[in-house]
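**Q** The sequence shown begins at 4 in our numbering and counts up by one.
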Amino acid sequence: MSTIQQSKDQIIWSGTQRALFRVAFIFFLLLTIPLDPQYYERLFSINWFHLHFQDLFSITNYAPALVHISKWGIASYAGWGIALLIALAGSAVWGLLEKTKAVSYEQLYYWLRVILRFRLAIGLIGYGVIKLFPVQIPYPTLSDLHTAYGDFLPWKIYYLSTGAASAGYEQTLGAIEILAGLLLFYRRTTIVGTSIAAAFLINIVLANFAYQLGEHVYSLYLLITAAFLIAYDTPRLYNLLVKEGLAKADQFKLVLKFKYIEQTRYTIKILLLFFVIFYASLTYASYKKSKWPYPDTAGLPNAYGIYNVREFKLNHTELPYSATDSIRWQNVVFEKWNVISIKVNRNIPIDLSGPQVDYQPDSLRSYESQGNGGRIFYSYTVKDSTVRLANTNIAADIATFTISRPDKSTIILQGVDSRKDSLYVVLDKQNKKYLLDKGRRNPVTIY
């Protein structure tokens, strides 16, 4: 239970202000309190004895969804429209009930701000940690470097550009988000935290729309939450910074009648800080020990690199090199893990799924193929001298080869593809240098 202390200049709420607040109060609670059954299904499905950082991230990343719309664009905000209609109806009913029972709007306003600033803090820290330890946006793969720019989906271009940035760019973005989130844990630094958050989130919202990152609803929710929190201090900041006048101190003071309520507040803060530290520790451990979102299974020893296809035989008939041939391989990339990608001049099914921070076992990780329409990706297993290739996007596309390596720069594959055609392929490793590795300030020789 709590009471309010105010100065003699008590704020009087007009009828319009009360009506608008009632709408905002219901609207924000509907979008903030998890009402989606899927959220709780995910929460209770977590194996708390074998936690992954992705499990804790899913707790912080609750996206309000009163209705599930898979379409891109304004339709994806249908849940907000429903929430607004409920808020308008609820405000009208609340207004009628208010005539029989007095309501402290200042107290409700205070508690709403408390809920929203903690929700915003957790959301910012959730994303900040996976940028500080860069697992959300990893460094581009070798296959990415050999894919034409126009063969990427927009979100993949954004991720590749951010992941390739140097000077700790991604880590700095994460540190800013974490700083803003930590400042929101304390009421006296709320305005600083929300100002940093709002400035940061404007760019995030624009990037989501421009590059179709898939978090346009969630990022805009965080932005309007930050804007709502800033609005409380805006009049005083305007008087102080723009009009260069005196700014009155906050005239609202919450006094708790029972000591256990005050203790509960501190306990919640301590638990939240413990959650942040634990979440950051799990993320750091994954960053150091795992290649996620790439597979952890090691690839063929000393095979990493780009290979030219020197010889290609289909059913014992040699196919000469041709950039327009829809069957002959043009080049092959062996990644550091058990994935290869092949450049072929034909339309291939594209993995249209967007980026997700979700744990998958090694065999289901397919980040490198997501949003890439320029290469065919295969995961592979090696047993003795036999290599089995499995297409990450087409379950029926499986090929089996015997592999030989006459020297350290040559790989020979001989076997059958998914159509039971026999293939004989000779690969020559290319000693290619990359500008990303050389940097901009030193003399560069590409070949």
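Ideal placement from N, C-alpha and C gives every residue a C-beta, glycine not left out. Quantities reported herein were computed from a predicted structural model and do not represent experimental measurements.
Going by CA-CA distance only, name the one from P137, Y42, Y214 and V26 that's closest to W158.
**A** Closest option to W158, Cα to Cα, is Y214.
**Q** Which residue from W295, S325 and N341 puts its Cα closest to that of N305?
**A** The candidate whose alpha carbon is nearest that of N305 is N341.
**Q** Does the pairing of the region 88-97 with the region 25-36 give three or more beta-carbon distances under 8 Å?
**A** Contact holds: three or more Cβ-Cβ distances are below 8 Å.
**Q** By Cβ distance below 6 Å, which residues in the same chain neighbour V390 in space, the five residues on each side in sequence not counted?
**A** The residues are Y383, F404 and I406.
**Q** In terms of residues, what are the limits of the beta strand (DSSP E) holding D431?
**A** Unbroken beta strand (DSSP E) run through D431: S425 to Q433.
**Q** For the region 351-430, list the beta strand (DSSP E) runs that are entirely contained and at least 3 residues long, ordered along the chain.
**A** Entirely contained in the region 351-430, the beta strand (DSSP E) runs reaching 3 residues are, in chain order, 379-386, 389-394, 401-410 and 413-419.
**Q** Rounded to whole angstroms, how far is the Cβ of H149 from the Cβ of V336, which I believe are closer than 8 Å?
**A** H149 to V336, Cβ: 6 Å. Contact.
**Q** Out of curiosity, what's the CA-to-CA distance linking L392 and R268?
**A** Going from the Cα of L392 to the Cα of R268 covers about 56 Å.
**Q** At which residue ranges does the region 101-147 contain complete beta strand (DSSP E) runs of 3 or more residues, listed in the order of the chain?
**A** List check, beta strand (DSSP E) in window: nothing returned.
**Q** Less than 8 Å between CB atoms is the rule here; does L38 satisfy it with respect to chain B?
**A** You won't find chain B in this structure, because it holds only one protein chain.
**Q** Is the number of C-beta pairs between the region 119-139 and the region 169-181 that are closer than 8 Å three or more?
**A** Judged by Cβ distances under 8 Å, the region 119-139 makes contact with the region 169-181, as three or more pairs qualify.
**Q** Considering only C-alpha positions, which residue in the set L243, Y235, S107 and V132 is nearest to F281?
**A** Out of L243, Y235, S107 and V132, V132 has the C-alpha closest to the C-alpha of F281.
**Q** On the premise that R313 lies in contact with D410, defined as a C-beta separation below 8 Å, what is that separation, rounded to the nearest angstrom?
**A** Not confirmed; about 13 Å, so no contact.
**Q** Which residues share a DSSP beta bridge with S344?
**A** According to DSSP, S344 bridges with V336 and F380.
**Q** Just verifying my parser: in three-state terms, what is the DSSP assignment at K159?
**A** Of the three classes helix, strand and coil, the one that applies to K159 here is helix, per DSSP.
**Q** From what residue to what residue does the beta strand (DSSP E) around K436 run?
**A** Segment: none, K436 is in no beta strand (DSSP E) and carries neither H nor E.
**Q** Enumerate in chain order the residues of its own chain whose CB-to-CB distance from N318 is below 8 Å, with the five nearest sequence positions on each side excluded.
**A** Counting only Cβ-Cβ distances below 8 Å, and skipping sequence neighbours, we find D424 and S425.
**Q** Just verifying my parser: in three-state terms, what is the DSSP assignment at E173?
**A** In this structure, E173 counts as helix in the three-state DSSP scheme.
**Q** I believe L225 touches L204 by the beta-carbon criterion, under 8 Å. Please report the beta-carbon distance rounded to the nearest angstrom.
**A** Indeed they touch by this definition, with Cβ atoms about 5 Å apart.
**Q** What's the gap between the Cα of V360 and the Cα of K339?
**A** Cα to Cα, the separation comes out at about 22 Å.
**Q** Apart from the five residues just before and just after I351, which ones in its own chain have a Cβ nearer than 6 Å to its Cβ?
**A** Within the same chain, I351 has close Cβ partners I379.
**Q** With DSSP collapsed to three states, give me the class of K316.
**A** Three-state result, K316: strand.
**Q** What is the rounded straight-line gap between the Cα of Y370 and the Cα of I15?
**A** C-alpha separation (whole angstroms): 55 Å.
**Q** Could you tell me the alpha carbon to alpha carbon distance between W83 and D354, rounded to whole angstroms?
**A** Looking at the two C-alpha atoms, the distance is approximately 29 Å.
**Q** Go through its chain and collect everything with a Cβ distance to L322's Cβ below 6 Å, but skip five positions before and after it.
**A** So the qualifying residues of the chain are F315 and R331.
**Q** Provide the residue(s) that pair with G308 in DSSP beta bridges, ordered along the chain.
**A** In DSSP, G308 forms a bridge with F337.
**Q** Using DSSP with H/G/I as helix, E/B as strand and the rest coil, what is K246?
**A** Three-state result, K246: coil.
**Q** Residues in its own chain within less than 6 Å of Y362 by CB, not counting five upstream and five downstream?
**A** Answer for Y362: H55 and Q57, listed in chain order.
**Q** From N311 to Y43, what does the alpha carbon distance come to, in whole angstroms?
**A** N311 and Y43: Cα-Cα distance of roughly 50 Å.
**Q** Does the separation of the CB atoms of T475 and L187 fall below 8 Å?
**A** Given a span of 4 to 450 for the chain in the structure shown, any question on residue 475 remains unanswerable.
**Q** Just the Cα atoms here: how many angstroms apart are D12 and A250?
**A** Confidence in D12 is poor, its pLDDT being 49 and thus under 50, which makes the residue's placement too unreliable to answer from.
**Q** Say whether the region 133-145 touches the region 287-304, bearing in mind that this needs 3 or more beta-carbon pairs closer than 8 Å, one atom from each stretch.
**A** Cβ pair count under 8 Å is three or more, so yes.
**Q** With a CB to CB cut of under 6 Å and the five nearest residues on each side skipped, what residues in its chain are close to A151?
**A** For A151, where only same-chain residues beyond five positions count, the Cβ hits under 6 Å are G377.
**Q** Using the C-alpha atoms, what's the distance from N394 back to N211?
**A** Using only the alpha carbons, I get a separation of about 30 Å.
**Q** DSSP three-state call for E218: helix, strand or coil?
**A** It is coil, neither helix nor strand.
**Q** Have a look at the DSSP bridge pairing and note the partners of A301.
**A** Answer is W340, bridged to A301.
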